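**Student:**
2 protein chains.
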Amino acid sequence: MAQPTERLQRYLEDELGECRSEDVERRLDELGTLEAALGKTRVDAELDVLTALGNRTRYTLVRVLVAAGEELCVCELNAVADVTESGLSHALGRLVEAGLLEGRKDGRWKKYRATDRAITLVTVLEGCVDGE
Amino acid sequence: MAQPTERLQRYLEDELGECRSEDVERRLDELGTLEAALGKTRVDAELDVLTALGNRTRYTLVRVLVAAGEELCVCELNAVADVTESGLSHALGRLVEAGLLEGRKDGRWKKYRATDRAITLVTVLEGCVDGE
DNA sequence: ACAACGGTTGAACAGCCGTGCAATTAATTT
DNA sequence: AAATTAATTGCACGGCTGTTCAACCGTTGT
Numbered sequence: 344m345a346q347p348t349e350r351l352q353r354y355l356e357d358e359l360g361e362c363r364s365e366d367v368e369r370r371l372d373e374l375g376t377l378e379a380a381l382g383k384t385r386v387d388a389e390l391d392v393l394t395a396l397g398n399r400t401r402y403t404l405v406r407v408l409v410a411a412g413e414e415l416c417v418c419e420l421n422a423v424a425d426v427t428e429s430g431l432s433h434a435l436g437r438l439v440e441a442g443l444l445e446g447r448k449d450g451r452w453k454k455y456r457a458t459d460r461a462i463t464l465v466t467v468l469e470g471c472v473d474g475e
Numbered sequence: 344m345a346q347p348t349e350r351l352q353r354y355l356e357d358e359l360g361e362c363r364s365e366d367v368e369r370r371l372d373e374l375g376t377l378e379a380a381l382g383k384t385r386v387d388a389e390l391d392v393l394t395a396l397g398n399r400t401r402y403t404l405v406r407v408l409v410a411a412g413e414e415l416c417v418c419e420l421n422a423v424a425d426v427t428e429s430g431l432s433h434a435l436g437r438l439v440e441a442g443l444l445e446g447r448k449d450g451r452w453k454k455y456r457a458t459d460r461a462i463t464l465v466t467v468l469e470g471c472v473d474g475e
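Here it is, written out as structure tokens:
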């Protein structure tokens with residue numbers, strides 16, 4: 344949303360053959376609508392999920408929990424994640440916050456399992472990445 | 344992979360009632376297998392995609408291009424992304440590298456469109472996040 | 001050939017993010 | 001009740017990442 348509308352003007356002239364300033368306005372409006380249709384709240388939520396997954400420690404945890412197909416104890420996950428117990432806890436917290444894991448306290452142990460959201464995302468990612 | 348195998352030992356005693364050191368070995372092996380099955384190369388590729396998407400500028404670009412359903416010129420995208428032209432270029436480059444966009448040079452203009460991978464991921468994300 | 005334009009690239013800097021340390025809470029055991 | 005254990009939390013620091021600025025390349029037009 345800077346002022347270089349001139350470039351867009353020239354581009355539209357190239358594409359349409361002709362271009363009045365109202366054409367530029369219209370195009371800008373279309374693009375604005377396209378962007379607005381995303382919805383900031385929604386994008387924020389999706390970004391939260393993406394950034395939660397976009398880290399080796401956290402992604403590995405999710406992947407393992409999905410693969411396990413059952414809940415695992417923190418002390419078990421500790422053997423998987425290459426971080427301090429503290430770091431592990433931070434990671435798990437972030438993932439719960441993003442709705443990718445669910446935690447359950449069982450006596451003095453705490454167990455985590457992957458949510459449907461996590462399962463779906465990991466499965467799709469696995470499917471569409473690396474077919475290459 | 345630290346030395347606190349003792350905690351896992353105690354946990355397994357709790358779970359199984361009884362636990363010999365070979366049980367701990369077995370569990371550690373299971374967890375190791377689970378982790379190894381992920382495949383470092385694959386995880387790396389997936390992380391690359393996730394970190395590429397996990398940024399407001401880049402994710403917005405992908406979202407817009409998917410919603411547009413057609414290729415858009417850099418000068419059009421410039422109206423959408425809230426960054427310098429240079430920043431825009433960096434973002435687009437990163438997305439191409441992650442296999443989320445494809446670029447095509449058309450005369451003096453350059454156009455980008457979303458790949459199938461991007462379409463799939465955005466669609467799924469939109470579907471499983473924020474139904475809440 | 002030169003100038004202008006569209007877009008990219010590399011370097012540099014600011015701000016964020018992941019991790020570890022130390023202290024803390026909650027549950028269990030003695 | 002005190003001590004031990006499992007796990008979390010706040011803080012601080014180092015490193016990574018996103019952005020901008022400036023210089024550059026390729027194409028188009030004169």
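Top line first, the protein sequences correspond to chains F and E.
Once you know that position 109 of the first sequence is 452 in this note's numbering, the rest is easy, because the numbers rise by one and skip nothing.
Once you know that position 29 of the second sequence is 372 in this note's numbering, the rest is easy, because the numbers rise by one and skip nothing.
For glycine and all other residues, C-beta sits at the position ideal for the given N, C-alpha and C.
If you're wondering where the values come from, they're calculated on a predicted model, not measured in any experiment.
Are the Cβ atoms of leucine 393(E) and glycine 397(F) separated by less than 8 Å?
**Tutor:** Yes, the Cβ-Cβ distance between leucine 393(E) and glycine 397(F) is below 8 Å.
**Student:** In chain E, which residues lie with their C-beta within 8 Å of the C-beta of leucine 464(F)?
**Tutor:** The contacting residues are Val467, Leu468, Cys471.
**Student:** Beta-carbon separation of valine 439(F) and valine 423(F) under 8 Å?
**Tutor:** It is not a contact, given that the beta carbons lie outside the stated cut-off.
**Student:** Taking glycine 442(E) and tyrosine 455(E) to be in contact with their CB atoms under 8 Å, please state how far apart those CB atoms are, rounded to whole angstroms.
**Tutor:** No, glycine 442(E) and tyrosine 455(E) are not in contact; Cβ-Cβ is about 13 Å, not under 8 Å.
**Student:** Quick one: residues in its chain with C-beta nearer than 7 Å to the C-beta of leucine 355(E), no 5 flanking neighbours on either side, listed in chain order?
**Tutor:** The residues are Cys362, Asp366, Val367, Arg370.
**Student:** State the Cα-Cα distance for the pair lysine 453(E) and glutamate 419(E), rounded to the nearest angstrom.
**Tutor:** One C-alpha to the other measures close to 10 Å.
**Student:** Could you compute how far the alpha carbon of aspartate 449(E) sits from the alpha carbon of aspartate 357(F)?
**Tutor:** Answer to the nearest angstrom: the Cα atoms are 11 Å apart.
**Student:** Measure the alpha-carbon distance for glycine 375(E) versus glycine 382(E) and round it to whole angstroms.
**Tutor:** Approximately 12 Å, taken between the alpha carbons.
**Student:** Could you give the C-beta distance for glutamate 378(F) and threonine 403(E), rounded to a whole number, given that I count them as a contact under 8 Å?
**Tutor:** That belief holds up - the Cβ atoms of glutamate 378(F) and threonine 403(E) are roughly 7 Å apart, short of 8 Å.
**Student:** Would you call alanine 380(E) buried or exposed, if buried means 16 or more other Cβ atoms sit within 10 Å of its Cβ?
**Tutor:** With fewer than 16 other Cβ atoms within 10 Å, it is exposed.
**Student:** Could you check the C-alpha separation between alanine 457(E) and glycine 412(F) for me, to the nearest Å?
**Tutor:** So the alpha carbons of these two residues sit roughly 33 Å apart.
**Student:** Go ahead and pull the three-state DSSP assignment for cysteine 362(E).
**Tutor:** Of the three classes helix, strand and coil, the one that applies to cysteine 362(E) here is coil, per DSSP.
**Student:** Ends of the beta strand (DSSP E) at arginine 445(E)?
**Tutor:** Note on residue identity: the sequence assigns glutamate, not arginine, to residue 445(E). Here the beta strand (DSSP E) through glutamate 445(E) covers 444–449.
**Student:** In the DSSP assignment, find the alpha helix (DSSP H) that holds alanine 410(F) and state where it starts and stops.
**Tutor:** Looking at the DSSP string, the run of the alpha helix (DSSP H) that includes alanine 410(F) is 399–411.
**Student:** Just to confirm the assignment, what range does the beta strand (DSSP E) spanning alanine 457(E) have?
**Tutor:** Segment 452–457, the beta strand (DSSP E) holding alanine 457(E).
**Student:** Using 8 Å as the limit for Cβ to Cβ distance, is methionine 344(F) near chain E?
**Tutor:** Below a pLDDT of 50, predicted positions are generally treated as unreliable, and methionine 344(F), at 37, falls in that range; no measurement from the model is reported.
**Student:** Got a sec: is the Cβ-Cβ distance from glutamate 389(F) to anything in chain E below 8 Å?
**Tutor:** By this cut-off, glutamate 389(F) is an interface position.
**Student:** From the DSSP output, read off the bridge partner residues of cysteine 418(E).
**Tutor:** Answer is none; cysteine 418(E) lacks a bridge partner.
**Student:** Counting only beta-carbon atoms, is arginine 350(F) nearer than 8 Å to chain E?
**Tutor:** Arginine 350(F) counts as touching chain E.
**Student:** Can you give me the start and stop residues for the alpha helix (DSSP H) that leucine 381(F) sits inside?
**Tutor:** That residue, leucine 381(F), is in no alpha helix (DSSP H); it is neither H nor E in DSSP.
**Student:** Output yes or no for whether 8 Å exceeds the beta carbon distance between cysteine 471(F) and threonine 463(E).
**Tutor:** Taking 8 Å as the Cβ cut-off, cysteine 471(F) and threonine 463(E) qualify as a contacting pair.
**Student:** Would asparagine 421(F) pass as a contact of glutamate 428(F) if the rule is Cβ separation under 8 Å?
**Tutor:** Taking 8 Å as the Cβ cut-off, asparagine 421(F) and glutamate 428(F) qualify as a contacting pair.
**Student:** DSSP three-state call for aspartate 473(F): helix, strand or coil?
**Tutor:** Residue state, collapsed to three classes: coil.
**Student:** Any C-beta of chain E sitting closer than 8 Å to the C-beta of glutamate 440(F)?
**Tutor:** Chain E contact via Cβ: absent.
**Student:** Let me see if you follow: with CB-CB separation under 8 Å, is tyrosine 402(F) close to chain E or not?
**Tutor:** Answer yes: the Cβ-Cβ gap between tyrosine 402(F) and chain E drops below 8 Å somewhere.
**Student:** Looking only at its chain, what residues have a beta carbon closer than 6 Å to the beta carbon of threonine 400(E), apart from the 5 residues adjacent to it on each side?
**Tutor:** Hits under 6 Å: Ala424, Val426, Ala434.
**Student:** With distances taken Cα to Cα, identify the nearest neighbour of alanine 461(E) among Asp473(E), Glu469(E), Leu444(E).
**Tutor:** Ranking the options by Cα distance to alanine 461(E), first place goes to Leu444(E).
**Student:** Closer than 7 Å, Cβ to any Cβ of chain E: which residues of the stretch 422–447 of chain F, in chain order?
**Tutor:** For the stretch 422–447 of chain F, which is checked against every Cβ of chain E, the residues closer than 7 Å are Ala422, Val423, Asp425.
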